[in-house]
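Okay, so the sequence shown: first residue is 14 according to my numbering, each after it adds one.
The beta-carbon is built from N, C-alpha and C at its ideal position, and this holds for glycine as well.
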Amino acid sequence: MARTRMTPLRSAVVRIVNPLTRLFAGHMPGFGLLTYHGRRTGRMYRTPINVWPRDGEYVFALTYGSDVQWVKNVLAAGECDIRFVEETSTSSNGS
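Okay, structure coming up:
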(Lines of atoms letter the chains of each structure in order from A; the text may use other names.)
(Lines give C-alpha, C1' and ligand atoms only; values in the text may rest on other atoms or scores of the structure.)
Protein backbone atom coordinates (compact mmCIF):
# COMPACT_ATOMS: atom_id res chain seq x y z
CA MET A 14 0.00 0.00 0.00
CA ALA A 15 1.21 3.46 -0.84
CA ARG A 16 1.96 5.60 2.20
CA THR A 17 0.44 9.00 2.82
CA ARG A 18 0.69 11.36 5.78
CA MET A 19 -2.49 9.75 7.15
CA THR A 20 -1.26 6.12 6.98
CA PRO A 21 -0.04 5.94 10.61
CA LEU A 22 -3.52 6.95 11.81
CA ARG A 23 -5.40 4.50 9.57
CA SER A 24 -5.87 1.71 12.14
CA ALA A 25 -7.39 4.06 14.73
CA VAL A 26 -9.58 5.72 12.12
CA VAL A 27 -10.95 2.38 10.87
CA ARG A 28 -11.68 1.06 14.36
CA ILE A 29 -12.81 4.21 16.20
CA VAL A 30 -13.54 7.14 13.91
CA ASN A 31 -15.31 5.36 11.03
CA PRO A 32 -18.03 3.74 13.19
CA LEU A 33 -18.83 7.14 14.71
CA THR A 34 -18.69 8.92 11.35
CA ARG A 35 -21.13 6.41 9.80
CA LEU A 36 -23.82 7.87 12.07
CA PHE A 37 -23.82 11.24 10.29
CA ALA A 38 -21.78 10.78 7.09
CA GLY A 39 -24.79 10.66 4.79
CA HIS A 40 -26.38 13.74 6.31
CA MET A 41 -23.68 16.43 6.39
CA PRO A 42 -22.20 18.44 3.52
CA GLY A 43 -18.84 17.10 2.38
CA PHE A 44 -19.45 13.68 3.92
CA GLY A 45 -20.92 10.66 2.25
CA LEU A 46 -21.60 7.03 3.06
CA LEU A 47 -20.32 4.68 0.38
CA THR A 48 -21.99 1.25 0.17
CA TYR A 49 -20.35 -1.44 -1.95
CA HIS A 50 -19.68 -5.19 -2.06
CA GLY A 51 -16.34 -6.88 -1.42
CA ARG A 52 -14.76 -8.26 -4.56
CA ARG A 53 -13.84 -11.60 -2.96
CA THR A 54 -16.44 -12.14 -0.24
CA GLY A 55 -19.42 -10.32 -1.69
CA ARG A 56 -19.94 -8.84 1.78
CA MET A 57 -21.60 -5.42 1.89
CA TYR A 58 -19.45 -2.62 3.32
CA ARG A 59 -20.34 0.93 4.34
CA THR A 60 -17.45 3.38 4.41
CA PRO A 61 -17.69 7.06 5.38
CA ILE A 62 -15.89 9.26 2.85
CA ASN A 63 -15.51 12.86 1.81
CA VAL A 64 -17.46 13.34 -1.42
CA TRP A 65 -18.72 16.30 -3.40
CA PRO A 66 -21.08 16.24 -6.38
CA ARG A 67 -19.64 18.18 -9.30
CA ASP A 68 -21.28 18.57 -12.73
CA GLY A 69 -23.20 15.28 -12.53
CA GLU A 70 -20.17 13.35 -11.27
CA TYR A 71 -18.55 12.88 -7.86
CA VAL A 72 -15.22 13.99 -6.43
CA PHE A 73 -13.83 11.71 -3.68
CA ALA A 74 -11.08 12.61 -1.23
CA LEU A 75 -8.63 9.70 -1.33
CA THR A 76 -7.23 10.28 2.15
CA TYR A 77 -5.05 7.15 2.04
CA GLY A 78 -4.39 7.18 -1.71
CA SER A 79 -5.99 5.07 -4.44
CA ASP A 80 -4.46 1.79 -3.25
CA VAL A 81 -7.12 1.11 -0.60
CA GLN A 82 -9.63 -1.73 -0.43
CA TRP A 83 -12.79 0.33 -0.95
CA VAL A 84 -11.43 1.78 -4.21
CA LYS A 85 -10.42 -1.69 -5.45
CA ASN A 86 -13.82 -3.11 -4.51
CA VAL A 87 -15.80 -0.33 -6.22
CA LEU A 88 -13.70 -0.57 -9.38
CA ALA A 89 -14.05 -4.38 -9.46
CA ALA A 90 -17.83 -4.21 -8.98
CA GLY A 91 -18.22 -1.30 -11.38
CA GLU A 92 -20.80 0.36 -9.12
CA CYS A 93 -21.54 1.62 -5.63
CA ASP A 94 -24.20 3.53 -3.73
CA ILE A 95 -23.39 6.95 -2.34
CA ARG A 96 -25.53 8.61 0.30
CA PHE A 97 -24.97 12.26 1.03
CA VAL A 98 -27.13 15.10 2.38
CA GLU A 99 -30.40 13.18 2.28
CA GLU A 100 -29.80 11.84 -1.23
CA THR A 101 -28.86 8.34 -2.39
CA SER A 102 -27.33 7.80 -5.79
CA THR A 103 -26.06 4.73 -7.65
CA SER A 104 -22.88 5.27 -9.60
CA SER A 105 -21.72 2.94 -12.36
CA ASN A 106 -18.12 2.72 -13.48
CA GLY A 107 -17.80 3.92 -17.06
CA SER A 108 -21.47 4.27 -17.98
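Taking the C-alpha atoms as reference points, what is the distance between residue i and residue j?
i: MET41; j: ILE29; result: 19 Å
i: TYR77; j: VAL84; result: 10 Å
i: GLY51; j: VAL81; result: 12 Å
i: LEU75; j: PRO66; result: 15 Å
Residue i and residue j look like a contact to me (Cβ under 8 Å); what is the Cβ gap, rounded to whole Å?
i: ASN86; j: PRO61; result: About 15 Å separates the two Cβ atoms, so there is no contact after all.
i: VAL126; j: PHE37; result: No information on residue 126 is available, as it lies outside the stretch 14 to 108 that the chain covers here.
Quick check on the burial criterion: 16 or more other C-beta atoms within 10 angstroms. Buried or exposed for residue i?
i: GLY39; result: buried
i: ALA89; result: exposed
Could you have a look at residue i and say whether DSSP puts it in helix, strand or coil?
i: ARG52; result: coil
i: THR34; result: helix
i: ILE29; result: helix
Quiz item: Okay, do the region 46-58 and the region 74-93 touch, 3+ Cβ pairs below 8 Å being the bar?
Solution: At 8 Å Cβ cutoff, the stretches touch.
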